[in-house]
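Using the UniProt record's numbering, you'd call the opening residue of the sequence shown number 1 and step up by one each time.
Following: one structure in structure tokens, then a few remarks.
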Amino acid sequence: MSRFINEQDYFHGKSECTGILITNLGTPDSPDKAGLRRYLKEFLSDPRVVEIPRIIWNVILHGIILNTRPAKSAEKYQTVWTEDGSPLMSISLQQQKALQKEMEIRFKGPVKIALAMRYGNPSIPDTLLKLKEAGARRVLVLPLYPQYCAATNATTFDKVFDELKRWRWMPELRLVNHYHDHPGYIKALANSVLTHWENHPRGQLLVMSFHGIPKRNLMLGDPYHCECHKTARLLAAELNLRPNEWRVTFQSRFGKAEWLQPYTDKTMQALPGEGIKHVDVICPGFAADCLETLEEIREENREYFQHAGGETYHYIPALNTNLDHIQALADIIQQHTAGWAETSPNWSEAVQQKQAEHTLQNATAKGAKK
């Protein structure tokens, strides 16, 4: 029995397409203790996520965290869960459909946009197999994390590689490492802020809150911190903000180790004492709203700010399915798939030529099998 996934049903001339695998972090299948335990076990078992010696971490994870955290996390998820499931999954599916429609307009040949989650479902291995069945001989992987981080982008690539090394015939593969300074992405962020200001009183300060990582990761060479600050500088410049009108913070820290600072929650508690009573908050690192934006930023940090004496607190939603966001992602896809067959304006002529070649190849293959 072969150790590889084979091509037993392959024949010359079989329909091909370009596959685009968009990914995000993931979500539990259900907002209950059992669902959260499964999800957290997979997530926190990833050595890219927690860089602690396995023998020590496994004791902490299985002895403490998985016995206490699932119930607490389930309560938080229940506050944002909708009839369509988790916001992250619902929005991601809408992004997939919007990108499928957009790329069918831009590509001359067939293209398949597929969605996978790094943790939970739909899984990266299952989704890659579906792309394979659809005839994707060329695959672009686009993690929806604008700023590169080993704990997000790199672990996504790890999972892709782990699956593909099982295939006998691997597809041509390209990876989008990051898009933290892509002009379309920056413009979409700026437009979301401007739209908000058209409909709400403008705050004294625009807080740009990014997901945190341990400071140790920065010291070991992870570029995430630098890319977050570059995104923030570009956004501030696009909005013509003065230095005192914007600030970068980092949220969602976990454990006792020092993480990237300043912390978002501590900042919100301190701002009223600085005379800043009206703030707007945006999370540029999140392509879709999720628990960390809707519960932690929109609700929890609002309470910190108002309890400390703040008055007006507005959360500016993630880019989600905003048209300019979809257009920016489509631009990124188009840029990274340049030169592939389905992007060629002469695709139909190339297909006809291939079909003629395949007719001869199939005849030759049949003769070889006799």
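Here a beta-carbon is modelled for each residue, glycine too, at the ideal position from N, C-alpha and C.
Just so we're clear, the structure is a prediction, and the values are computed from it rather than from any experiment.
Cβ contact annotation for G212 (same chain, cutoff 7 Å, sequence separation greater than five): F250, Q251, S252, R253, W259 and L260, in chain order.
With a cutoff of 8 Å on beta-carbon distance, F4 and G26 are scored as not near each other. For N24, the secondary structure class from DSSP, reduced to helix, strand or coil, is strand. Inclusion of L129 and L93 in the CB contact set at 8 Å is not warranted, their separation being larger than that value.
Each of K41, L194, F157 and T155 was checked against the Cα of I316, and the nearest Cα belongs to L194. Judged by DSSP secondary structure, V207 falls within the beta strand (DSSP E) whose first and last residues are L205 to H211. Boundaries of the alpha helix (DSSP H) around T155: T155 to L164.
With distances taken between CA atoms, T155 lies nearest to V49 out of L329, V49, L36 and G273. Between the alpha carbons of L218 and K14 lies a gap of roughly 47 Å. Under the three-state reduction of DSSP output, E172 falls in the strand class. Per DSSP, the unbroken beta strand (DSSP E) holding D280 starts and ends at H278 to I282. Of the candidates E172, D46, V176 and Y185, the residue whose Cα lies closest to the Cα of L323 is Y185. At least 8 Å separates the beta-carbon of G203 from that of D126. Per the coordinates, the alpha-carbon of A237 lies some 44 Å from the alpha-carbon of S348.
For T321, the CB contacts under 8 Å within the same chain, skipping 5 residues up- and downstream, are I91, Q94, Q95 and A98 in chain order.
CA-CA distance, G310 to N301, rounds to 11 Å. By the 16-neighbour rule on beta-carbons within 10 angstroms, S2 is exposed. For Y315, there is no enclosing alpha helix (DSSP H); the residue is part of the beta strand (DSSP E) that begins and ends at T312 to I316.
Counting along the chain, W246 sits inside the beta strand (DSSP E) bounded by residues W246 to Q251. Y185: member of the alpha helix (DSSP H) spanning P183 to N199, first to last residue. In the DSSP annotation of this structure, A341 is not part of any alpha helix (DSSP H), being labelled neither H nor E. Residue pairing by DSSP places I5 opposite W167 in a beta bridge. For R242, there is no enclosing beta strand (DSSP E), as DSSP gives it neither H nor E. Listed in chain order, the alpha helix (DSSP H) runs fully inside the stretch 44-125 are 54-60, 66-80 and 87-106, counting runs of at least 4 residues.
One thing to note: P171 has its Cβ within 8 Å of the Cβ of A136.
Segment contact: the stretch 32-40 against the stretch 64-72, three or more CB-CB distances shorter than 8 Å; contact assigned. A distance of 8 Å or more separates the beta carbons of G19 and V160. Contact check between the stretch 261-273 and the stretch 287-302: three or more CB pairs, one atom from each, fall below 8 Å, which counts as touching.
Look at C226 here: in three-state DSSP terms it is helix. Residue state for Y145 is assigned as coil, using DSSP reduced to three classes. Taking all protein chains shown into account, W169 has fewer than 16 neighbouring C-beta atoms within 10 Å of its C-beta and is therefore exposed.
In the DSSP assignment, A270 falls within the alpha helix (DSSP H) that extends over T264 to A270. In the DSSP assignment, Y179 falls outside any alpha helix (DSSP H), carrying neither H nor E.
Non-local beta-carbon contacts of D46 in its own chain, meaning distances under 7 Å to residues more than five positions away in sequence, involve T155 in chain order.
In this structure E292 does not touch V111 by the C-beta definition: roughly 31 Å separates them, more than the 8 Å allowed. For E258, there is no enclosing alpha helix (DSSP H), as DSSP gives it neither H nor E.
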